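A short worksheet on the structure shown next.
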Amino acid sequence: MRQDHLISATQLSRADIEAVLDRAAEIDADVGAWQGRRDGTVLGLCFFEPSTRTRMSFDTAMKRLGGRTIDMGSVESSSVKKGETLADTVRVIEGYADALVLRHPSEGAAKMATEFVDVPLVNAGDGAGQHPTQTLLDLYTMRENAGLDDVTVGIMGDLKYGRTVHSLAAALTNFDVRQHFVSPESLQLPRSVRYDLHESGAQVREHTDLDEVLSDLDVLYVTRIQRERFPDENEYRKVAGEYQIDTDDLDAAKDSLTVMHPLPRVDEIAPEVDETDHAKYFEQAHNGVPVRMALLDMLLENAEGGSQ
Amino acid sequence: MRQDHLISATQLSRADIEAVLDRAAEIDADVGAWQGRRDGTVLGLCFFEPSTRTRMSFDTAMKRLGGRTIDMGSVESSSVKKGETLADTVRVIEGYADALVLRHPSEGAAKMATEFVDVPLVNAGDGAGQHPTQTLLDLYTMRENAGLDDVTVGIMGDLKYGRTVHSLAAALTNFDVRQHFVSPESLQLPRSVRYDLHESGAQVREHTDLDEVLSDLDVLYVTRIQRERFPDENEYRKVAGEYQIDTDDLDAAKDSLTVMHPLPRVDEIAPEVDETDHAKYFEQAHNGVPVRMALLDMLLENAEGGSQ
Amino acid sequence: MRQDHLISATQLSRADIEAVLDRAAEIDADVGAWQGRRDGTVLGLCFFEPSTRTRMSFDTAMKRLGGRTIDMGSVESSSVKKGETLADTVRVIEGYADALVLRHPSEGAAKMATEFVDVPLVNAGDGAGQHPTQTLLDLYTMRENAGLDDVTVGIMGDLKYGRTVHSLAAALTNFDVRQHFVSPESLQLPRSVRYDLHESGAQVREHTDLDEVLSDLDVLYVTRIQRERFPDENEYRKVAGEYQIDTDDLDAAKDSLTVMHPLPRVDEIAPEVDETDHAKYFEQAHNGVPVRMALLDMLLENAEGGSQ
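Protein chains in written order, with our numbering: chain A, 53 to 360; chain B, 53 to 360; chain C, 53 to 360.
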């Protein structure tokens with residue numbers, strides 16, 4: 053991977069992705085061996101929107117590499133409130149840190165920020181834009197459990213607004229994966245995403261009913277359908293209920309089916325599923341650590357190479 | 053101590069307690085020697101309620117063992133707001149961390165959480181329930197200053213609602229300690245607590261006036277009487293004033309009397325007392341560090357043993 | 053430097069200041085060499101007011117010395133809300149930490165706090181009072197770029213309310229520096245500050261127009277004029293506009309002019325200036341790290357010496 057920053061999963065070739073996943077697997081096999089790897093490195097966490105799991109996962113990743121983190125804290129208590137621009141904020145924090153992680157509500161914010169900083173910057177979500185490390189940990193989890201060659205993946209839930217889903221679907225076109233999309237009609241893939249998938253030559257089919265495809269799936273990736281997408285509570289309940297899964301639903305699935313979810317979940321997956329071998333969503337959350345360790349380590353390597 | 057988690061002080065035998073206090077004393081004697089002890093360990097701080105001193109004390113404890121901490125941050129900015137269950141939150145953070153500290157407003161939350169995680173979990177307060185590390189540091193402070201054999205302890209203030217007091221009183225029944233409880237009538241020990249103390253064979257007496265017992269005490273443990281427990285301000289002032297101490301009050305005490313307080317205090321102990329040799333409440337707060345270092349170290353030891 | 057605490061820049065002699073700046077320069081030349089310097093040291097961050105850059109800068113400084121930090125968090129979620137005094141809060145945190153950094157809204161708070169703690173304490177701003185590490189990093193940036201001997205410095209903007217400006221002006225009287233103050237009439241230096249500068253024998257002149265002096269300057273230190281200082285928006289705009297600089301304004305300046313700003317800026321300096329060699333304000337922000345590393349290291353050295 054010869055990148056200075058990670059802004060979008062689309063900037064990564066199949067070889068880039070595999071390089072990150074390979075290093076993540078190497079790390080996950082013996083995480084303790086990496087503890088002194090980045091001793092003395094300081095990572096700046098710049099979250100302009102609240103985040104629990106992404107922030108904690110990057111925080112853990114840097115610390116398990118032996119480095120330190122500094123946290124901007126909430127926007128409410130920051131200089132941003134005094135009218136400071138994003139460009140100024142990231143340049144100041146660059147003066148403290150060896151790499152930056154940025155989450156921002158505005159699409160394009162991360163790309164813009166890279167025009168002002170020299171240290172590696174990782175996009176941890178920019179509004180309706182990209183969240184590439186989520187995609188990498190999703191791919192890692194699929195590869196570890198079902199492989200990424202000749203597999204059938206179902207992606208279910210809110211396919212219209214789900215940033216995670218669009219990014220994952222695009223990344224999967226790098227691999228020999230058949231993609232099935234399952235959603236209510238009102239939450240189908242946006243036309244532009246569908247167009248891009250077809251252009252890339254991906255094998256894509258859309259469904260409104262999980263039963264049409266469940267028995268074929270190697271992976272089922274479930275996402276949340278948000279209440280606020282619906283005009284009234286009744287319609288929400290009716291629709292959402294059809295896209296929730298429990299152990300009865302999974303009777304029709306392959307024994308080897310891997311069930312994933314980016315979390316947090318509300319009621320898309322019944323708690324009883326947690327006890328089955330299908331459930332890989334907590335493992336998936338855990339995988340954020342080795343994947344982000346791998347990515348940070350490789351970006352820091354590139355930065356060192358570039359400055360030599 | 054052969055425990056996987058610490059949920060309640062009542063789960064600890066006298067031998068367990070003494071093992072923790074012994075190791076705390078060993079640590080306190082040369083804290084620098086423990087700096088590399090838990091290099092590479094990550095502790096997850098999950099505070100579902102605000103906390104300054106307990107959170108900072110655990111944070112310091114892990115860092116003085118050479119480990120790292122990751123902090124969930126406030127509930128307001130977390131996935132909890134999106135409807136995530138406690139069981140899911142702790143399982144995700146378990147995926148990042150080697151041990152967890154949990155504070156939660158609901159009684160029983162810590163016990164419940166241990167059903168979902170495999171790493172050691174320490175209860176840092178669950179509503180009206182338990183806060184066992186407070187009890188351990190209280191016992192440690194008593195042992196260092198007055199001993200825990202053949203001593204007379206007075207516990208004063210809000211004995212009705214004070215979680216700290218109930219837990220301490222129960223733990224003291226493991227030792228040869230005479231307990232005197234001093235409070236206004238409206239804030240006496242709950243019947244169930246009094247019953248349990250008598251059942252355990254403890255030597256217990258109750259008073260409304262500190263003067264009845266002060267001269268006999270080796271330790272006086274003062275707690276705060278909260279304004280909100282009283283229907284009107286006047287009644288509060290009248291009652292609270294009788295349970296505040298200053299240097300004049302302490303003239304009647306033994307020279308060796310140890311005065312303790314879980315802090316924060318408001319006006320229960322006059323600042324002039326701070327300058328006397330009686331005052332051990334800041335030392336008591338400090339003792340949270342070696343006691344929590346000892347406890348975390350022992351739980352991590354047990355976890356390693358269990359996984360071998 | 054033989055100080056236990058740093059409360060005000062005025063407590064530092066020229067020799068003290070130079071000792072800190074010399075060590076900062078030594079650190080900045082090879083920051084990695086200092087990574088193990090304060091292994092095992094814990095710094096308590098006590099910010100009773102929000103702060104991004106000062107807090108992050110101290111946090112980074114301690115971590116780049118190999119130490120750890122513990123953060124009190126916001127006042128809203130702390131024991132302060134329960135009515136705890138500042139004296140109690142700092143004594144409790146002293147029980148966890150080897151040194152303290154304190155920001156507080158009340159002038160004199162830091163000085164008062166030193167009466168209660170034995171560990172080194174650094175004032176990181178006390179209301180309208182002092183913020184001495186800002187002054188030190190300003191001096192360091194001037195010395196690195198223009199020197200502190202036989203130089204001409206212009207200080208522009210809000211000279212009436214600017215704590216940073218008063219402290220810097222006082223510190224500059226230790227050096228062979230000519231000081232020019234540029235501001236609207238309504239925001240000129242307070243009479244008491246002007247008096248002190250004259251008493252110290254400083255070479256001081258005041259202006260309402262930057263053009264009168266710009267071509268003579270080696271350093272231009274710009275500060276923000278705050279909207280809330282003016283009765284109405286129109287008057288603010290008219291006045292503020294005259295104290296904003298862009299590249300056209302700088303045509304009249306020396307090629308070697310150093311432009312500084314304590315940040316955050318709003319529109320006092322046009323973004324186009326960032327691209328010029330004049331712009332040193334991001335370097336200035338960065339300099340907070342080596343300067344605070346030097347200061348913390350020296351205070352910790354003094355504390356060790358004192359306890360031996």
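Heads up, the beta-carbon is just placed ideally off N, CA and C, and yes, glycines get one too. Remember, it's a predicted structure, so these values are computed and weren't measured experimentally.
In the assembly as shown, THR121 of chain A is a buried residue. Its beta-carbon has 16 or more other beta-carbons within 10 Å.
Counting only runs of 3 or more residues that sit fully inside the stretch 150 to 204 of chain A, the beta strand (DSSP E) segments are 151 to 156 and 173 to 178, in chain order. Secondary structure of LEU309 of chain A (DSSP, three-state): coil. Not a single CB atom of chain A sits nearer than 8 angstroms to the CB of LYS115 of chain B. For the 8 angstroms CB-CB criterion, ALA76 of chain A and VAL343 of chain A form a contact. At least 8 angstroms separates the CB of ASP319 of chain C from every CB of chain B. Proximity to MET345 of chain C across A:TYR148, A:PRO172, A:LEU58 and A:THR62 peaks at A:TYR148, based on C-alpha coordinates.
Inter-residue distance for THR166 of chain C and ARG143 of chain C is about 10 angstroms (C-alpha atoms, whole angstroms). Across the stretch 325 to 338 of chain A, CB contacts with chain B closer than 8 angstroms involve PHE334, GLU335, ALA337 and HIS338, in sequence order along the chain. Counting only Cβ-Cβ distances below 8 angstroms, LEU315 of chain C has contacts in chain A at SER131, GLU136, ASP140 and VAL144, in chain order. For the pair of segments examined, the stretch 62 to 75 of chain C was found not to touch the stretch 57 to 66 of chain B: the number of CB pairs separated by less than 8 angstroms stays below three. With a threshold of 8 angstroms between beta carbons, THR93 of chain C makes no contact with chain A.
Separation of THR260 of chain C and PHE334 of chain B (C-alpha to C-alpha, rounded to the nearest whole angstrom) is 54 angstroms.
Non-local C-beta neighbours of LEU269 of chain C in its own chain, meaning closer than 8 angstroms and more than five positions away in sequence, comprise THR204, VAL205, GLY206, HIS232, ALA305, LYS306 and LEU309, ordered along the chain. Residues of the stretch 96 to 114 of chain C whose Cβ lies closer than 7 angstroms to any Cβ of chain A, in chain order: PRO102, THR104, ARG105, MET108, SER109, ASP111 and THR112. Sixteen is the threshold: when 16 or more other Cβ atoms of the shown chains lie within 10 Å of the Cβ of LYS332 of chain A, as they do, the residue is buried.
Beta-bridge partners assigned by DSSP to LEU95 of chain A: A:THR121 and A:ALA151. For HIS218 of chain C, no beta strand (DSSP E) segment is defined; the enclosing uninterrupted segment is the alpha helix (DSSP H) at 215 to 224. Secondary-structure assignment with DSSP links HIS250 of chain C through no beta bridge to anything.
Here GLY119 of chain B is buried. Its C-beta has 16 or more other C-beta atoms within 10 Å. Nearest in C-alpha terms to ALA162 of chain C, of all of C:ALA151, C:HIS250 and C:GLN182, is C:GLN182. C-alpha of GLY125 of chain C to C-alpha of ASP284 of chain A: approximately 40 angstroms in a straight line. In the displayed model, MET345 of chain C falls within a helix according to three-state DSSP. Taking a cut-off of 8 angstroms on C-beta distances, the stretch 165 to 179 of chain A touches the stretch 99 to 119 of chain A, as three or more cross pairs fall below it.
Per DSSP, reduced to three states, the secondary structure at ASP228 of chain A is strand. Cβ atoms of ALA151 of chain A and LEU95 of chain A come within 8 angstroms of each other, at about 5 angstroms. The stretch 206 to 222 of chain A makes no contact with the stretch 85 to 92 of chain A: fewer than 3 CB pairs, one atom from each, lie closer than 8 angstroms.
ARG257 of chain A is bridged by DSSP to A:HIS232.
GLU146 of chain A is classed as buried because its beta carbon has at least 16 other beta carbons within 10 Å across all chains shown. No Cβ-Cβ contact shorter than 8 angstroms links ARG317 of chain B with ASP228 of chain C. Taking a Cβ-Cβ threshold of 8 angstroms, the residues of chain A close to ILE122 of chain B are MET108, ASP111, THR112 and LYS115, in chain order. Residues of the stretch 70 to 93 of chain B that bring their beta carbon within less than 8 angstroms of a beta carbon in chain C comprise GLY84 and GLN87, in sequence order. Taking a C-beta cut-off of 9 angstroms against chain B, the contacting residues of the stretch 147 to 160 of chain C are GLY147, TYR148 and ALA149, listed in chain order.
A straight line joining the alpha-carbon of ALA113 of chain C with that of HIS57 of chain C spans about 17 angstroms. Between GLN278 of chain A and GLU258 of chain A, the gap from beta carbon to beta carbon reaches 8 angstroms or more. Residues of chain B whose Cβ lies closer than 7 angstroms to the Cβ of GLY125 of chain C are, in chain order, THR104.
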